[in-house]
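Novice: Going by numbering that gives the first Met the number 0, 14 is the number at position 15 of the sequence shown; the sequence numbering is gapless.
So that we are looking at the same thing, I have put the structure below in structure tokens.
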Amino acid sequence: MSKKRTIPIASRVHPAQRKILEDKSTRFRAFVGGIGSGKSYCGCLDLIQTPARRSLVIAPTYPMLKDGILSLFLEMFRPLVRKHNKANLTTQLVDGRQILWRPADVGNLDRLRGINAGYLLADEGASLSRKAWNVAIGRIRRAPGRALVTTTPRGRDNWVHDVFVKEASPETALVQCSSRDNVWLPDGWIDSVRAQYTSRFAEQEIEGLFVSLEQTGLFDRDWFHIATSSTPAQSARVRFWDLASTDSKRSDYSSSCLVSRVGDRLWFDVRRYKLAWLRPGKGGLSLKERIIQTALEDGPEVPLALETVAGFRIAFEEVRDDKRLFGYDVRAISPCKTKVSRAVPVAAKAEQGKASLVQNEDTADLLRELDDFPQKNKKNDMVDAMSGALSVLDNRGQGLQTDNLKRPAPDFERFRGGHQW
């Protein structure tokens, strides 16, 4: 009979990580911390040390799984991996233990149901649904029957707060830490990131606290200076449109934001409209014609960006291919982050006293939106337009996917009939 070998694992951990790793008895644990606090690193250390013969690792989406926790694990413990099957998303360790890697978004939940495992690691857990958590813990039927959630907090109305705070029991344990607890982060990194956040959002993203943004709000209207004059002519500018599908009373508004920057100061000229795509409304213009006329007033030096969700790709193409906008920079934009994440850079600039609202007939409604954001069932179309405009202006690519930056040769015959929106 061969003798078992113990392979030492060299690692450095801060006190919060150590507290998680030394807890060998609590069934359900959560490591909740700020960004860069070493949550996934701690999760990988916990995973490699579990005695479970089969472990299950889940993440909110396949890209988050592949590019996040899976990539980190293979980087840390490649010498302990006998075989990794990319197609089946399974890893066999040198001691015979098996790890199953699975996305846990809505379309993949039923694929978890046939799994029997002894350990669960839920990475970026707050971005999972409560249903995903419930389905996943139902797979942990073998010894030792334990689970770890690693995540940045997502407010007090999230399932992580429910399970580990509101419904805390002897079977649960919560460890929280700040990004500052990770002493191995690069010098100046936290301060650089903090400058992009509001103080409220920093409490969540850096300090690792459960913050109810719906109750406290992301914005304070007093942060914004109200400018009575138009945006400065000599400035970097972008026009962004957040489109609504109809002009009915209950529908959202289509909103437009012209953002201008001089130095480190921003001016937001935000307006909203209840217009059908082709049918003329107030002022005798349809939404399509309003977009085109506004672009002509701005001039070809101002990039025009349109959000292309919920079928608005066709609307973008009709605007892009209009003969009057030949030579204009017309961009299709697809949001790929939450509304709150996209709005944070705007709020951060405002809190620093570097943002002005150009006064117009819609400013009062915009201020109400800012007060309400991000409450559920409240209008946020103008806030979305501000977020999109600043992201395009900064060309960060954070929270947005940009398409068709170069205008192709127009095909006017194709869209001659248009469509009713």
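Ideal placement from N, C-alpha and C gives every residue a C-beta, glycine not left out.
Does the structure place the stretch 139 to 150 close enough to the stretch 71 to 85 that three or more beta carbon pairs sit under 8 Å?
Specialist: no
Novice: What did DSSP end up calling Leu-428 once you bin it into helix, strand or coil?
Specialist: Past the boundaries of the shown model lies residue 428; the chain is included only from 0 to 420, so the question cannot be answered.
Novice: Rounded to a whole number of angstroms, what is the C-alpha to C-alpha distance between Trp-222 and Val-382?
Specialist: As a first step, residue 222 must be located in the sequence shown, where it is residue number 223. As a first step, residue 382 must be located in the sequence shown, where it is residue number 383. Distance between the alpha carbons of Trp-222 and Val-382: 15 Å.
Novice: Helix, strand or coil for Asn-394 per DSSP?
Specialist: The residue given as residue 394 occupies position 395 in the sequence shown. Here Asn-394 sits in coil by DSSP.
Novice: Suppose the cutoff is 6 Å on Cβ atoms and the five residues either side in sequence are ignored; what does the same chain contact list for Ser-386 look like?
Specialist: Locating residue 386 in the sequence shown gives position 387, where the first residue counts as 1. Once the five neighbours on either side are set aside, the close Cβ partners of Ser-386 are Arg-341, Ala-342, Val-345.
Novice: What's the C-alpha gap between Ala-384 and Ser-177?
Specialist: Position 385 of the sequence shown holds residue 384. Position 178 of the sequence shown holds residue 177. When rounded, the distance between both Cα atoms is 32 Å.
Novice: Using the beta-carbon count (16 or more within 10 Å), is Arg-17 buried or exposed?
Specialist: To locate residue 17, count along the sequence shown from 1; it is residue 18. It is exposed - the Cβ of Arg-17 has fewer than 16 other Cβ atoms within 10 Å.
Novice: Anyone know if the C-beta pair for Ala-201 and Leu-265 falls short of 8 Å?
Specialist: On the sequence shown, position 202 is the one that residue 201 refers to. On the sequence shown, position 266 is the one that residue 265 refers to. Not a contact, by the Cβ cut-off of 8 Å.
Novice: Helix, strand or coil: how does DSSP classify Pro-299 here?
Specialist: For the purposes of this step, residue 299 is taken as residue 300 along the sequence shown, with counting starting at 1. Pro-299 falls in the coil class under three-state DSSP.
Novice: Could you check the C-alpha separation between Gly-396 and Asp-94 for me, to the nearest Å?
Specialist: Stepping through the sequence shown from its first residue, residue 396 is reached at position 397. Stepping through the sequence shown from its first residue, residue 94 is reached at position 95. In this prediction, Gly-396 scores a pLDDT of 41, lower than 50, which makes its location untrustworthy; no coordinate-derived value is stated.
Novice: Taking the continuous beta strand (DSSP E) assigned at Lys-82, which residues delimit it?
Specialist: In the sequence shown, counting from the first residue as 1, residue 82 sits at position 83. Looking at the DSSP string, the run of the beta strand (DSSP E) that includes Lys-82 is 80 to 84.
Novice: Have a look at Asn-379, Leu-92, Ala-116, Phe-30 and flag the residue whose alpha-carbon is nearest the alpha-carbon of Arg-53.
Specialist: Stepping through the sequence shown from its first residue, residue 53 is reached at position 54. The candidate whose alpha carbon is nearest that of Arg-53 is Ala-116.
Novice: When the Cα of Ala-331 is compared with those of Gln-351, Leu-119, Phe-315, Arg-26, which residue comes out closest?
Specialist: Reading the sequence shown from its first residue, position 332 is the one you call residue 331. The option with the nearest alpha carbon to Ala-331 is Phe-315.
Novice: Which value, in whole angstroms, describes the spacing of the CA atoms of Leu-496 and Asp-156?
Specialist: Outside the displayed range of the chain (0 to 420) lies residue 496, so it cannot be described from this structure.
Novice: Which partner residues does Thr-89 have in the DSSP bridge list?
Specialist: Start at 1 with the first residue of the sequence shown, and residue 89 comes out as number 90. Answer is Asn-84, Leu-99.
Novice: Give the straight-line distance between the Cα atoms of Gly-207 and Gly-280, rounded to the nearest whole angstrom.
Specialist: Here residue 207 corresponds to residue number 208 of the sequence shown, with the count starting at 1. Here residue 280 corresponds to residue number 281 of the sequence shown, with the count starting at 1. Their backbone Cα atoms lie some 48 Å apart in a straight line.
Novice: Have a look at Lys-23, Ser-244, Lys-85 and flag the residue whose alpha-carbon is nearest the alpha-carbon of Thr-171.
Specialist: For the purposes of this step, residue 171 is identified with residue 172 of the sequence shown, where counting begins at 1. Nearest option by C-alpha distance: Lys-23.
Novice: Using the Cα positions of His-160 and Phe-209, report the straight-line distance between them to the nearest angstrom.
Specialist: For the purposes of this step, residue 160 is taken as the residue at position 161 of the sequence shown. For the purposes of this step, residue 209 is taken as the residue at position 210 of the sequence shown. Each residue's Cα considered, the two are about 7 Å apart.
Novice: Look at the alpha carbon of Thr-60 and the alpha carbon of Asp-186, and state the distance between them as a whole number of angstroms.
Specialist: Within the sequence shown, residue 60 is the residue found at index 61, counting from 1. Within the sequence shown, residue 186 is the residue found at index 187, counting from 1. Going from the Cα of Thr-60 to the Cα of Asp-186 covers about 31 Å.
Novice: Need the endpoints of the beta strand (DSSP E) that Cys-256 sits in, please.
Specialist: On the sequence shown, residue 256 is found 257 positions in, with the first residue counted as 1. From DSSP, the beta strand (DSSP E) with Cys-256 extends over 253 to 261.
Novice: Which residue wins for smallest C-alpha separation from Lys-273, given the options Pro-302, Asp-263, Arg-289?
Specialist: Residue mapping note: residue 273 aligns to position 274 of the sequence shown, counting from 1. Nearest C-alpha to Lys-273: Arg-289.
Novice: Could you tell me which whole beta strand (DSSP E) segments of length 3 or greater appear in the stretch 337 to 384?
Specialist: 354 to 357
Novice: When you compare only the Cα positions, how much space is there between Asp-393 and Ala-235?
Specialist: As a position in the sequence shown, residue 393 is number 394, starting the count at 1. As a position in the sequence shown, residue 235 is number 236, starting the count at 1. Rounded to whole angstroms, Asp-393 to Ala-235 spans 10 Å at the Cα level.
Novice: Using beta-carbon positions only, say whether Ile-19 and Val-269 come within less than 8 Å of one another.
Specialist: Indexing the sequence shown from 1 puts residue 19 at position 20. Indexing the sequence shown from 1 puts residue 269 at position 270. One thing to note: Ile-19 has its Cβ no nearer than 8 Å to the Cβ of Val-269.
Novice: Could you check what DSSP says for Phe-218 in three-state terms: helix, strand or coil?
Specialist: Residue numbering aside, residue 218 sits at position 219 when the sequence shown is read from its first letter. In the structure shown, Phe-218 sits in coil (DSSP, three-state: anything other than H, G, I, E or B).
Novice: Do you know offhand how far Cys-335's Cα is from Asp-104's?
Specialist: In the sequence shown, counting from the first residue as 1, residue 335 sits at position 336. In the sequence shown, counting from the first residue as 1, residue 104 sits at position 105. Each residue's Cα considered, the two are about 15 Å apart.
Novice: On the three-state DSSP scale, how would you describe Asp-268?
Specialist: Position 269 of the sequence shown, counting from 1, holds the residue named residue 268. Asp-268 falls in the strand class under three-state DSSP.
Novice: Look at the Cβ atom of Asp-45, then the Cβ atom of Leu-108, and state whether they are nearer than 8 Å.
Specialist: Taking the first residue of the sequence shown as 1, we reach residue 45 at position 46. Taking the first residue of the sequence shown as 1, we reach residue 108 at position 109. Contact flag unset, no.
Novice: Are the beta-carbon atoms belonging to Phe-218 and Leu-369 less than 8 Å from one another?
Specialist: In the sequence shown, residue 218 corresponds to position 219, counting from 1. In the sequence shown, residue 369 corresponds to position 370, counting from 1. Contact flag set, yes.
Novice: When you compare only the Cα positions, how much space is there between Arg-129 and Thr-151?
Specialist: Here residue 129 is taken as the residue at index 130 of the sequence shown, counted from 1. Here residue 151 is taken as the residue at index 152 of the sequence shown, counted from 1. Going from the Cα of Arg-129 to the Cα of Thr-151 covers about 16 Å.
Novice: When burial is assigned at 16 or more other CB atoms within 10 Å of the CB, is Thr-90 buried or exposed?
Specialist: The residue labelled residue 90 in the question sits at position 91 within the sequence shown. For Thr-90, the number of other beta carbons within 10 angstroms of its own is at least 16, and it is reported as buried.
Novice: Quick check on DSSP: helix, strand or coil for Cys-41?
Specialist: Looking up residue 41 in the sequence shown gives position 42. Here Cys-41 sits in helix by DSSP.
Novice: Going by beta-carbon coordinates alone, are Glu-350 and Thr-197 separated by less than 8 Å?
Specialist: If you number the sequence shown from 1, residue 350 lands on position 351. If you number the sequence shown from 1, residue 197 lands on position 198. Going by C-beta atoms, Glu-350 is nearer than 8 Å to Thr-197.
Novice: Leaving aside the five residues before and after Thr-227 along the sequence, list all residues of the same chain whose C-beta is less than 7 Å from its C-beta, in chain order.
Specialist: Start at 1 with the first residue of the sequence shown, and residue 227 comes out as number 228. These residues qualify, in order along the chain: Gln-358.
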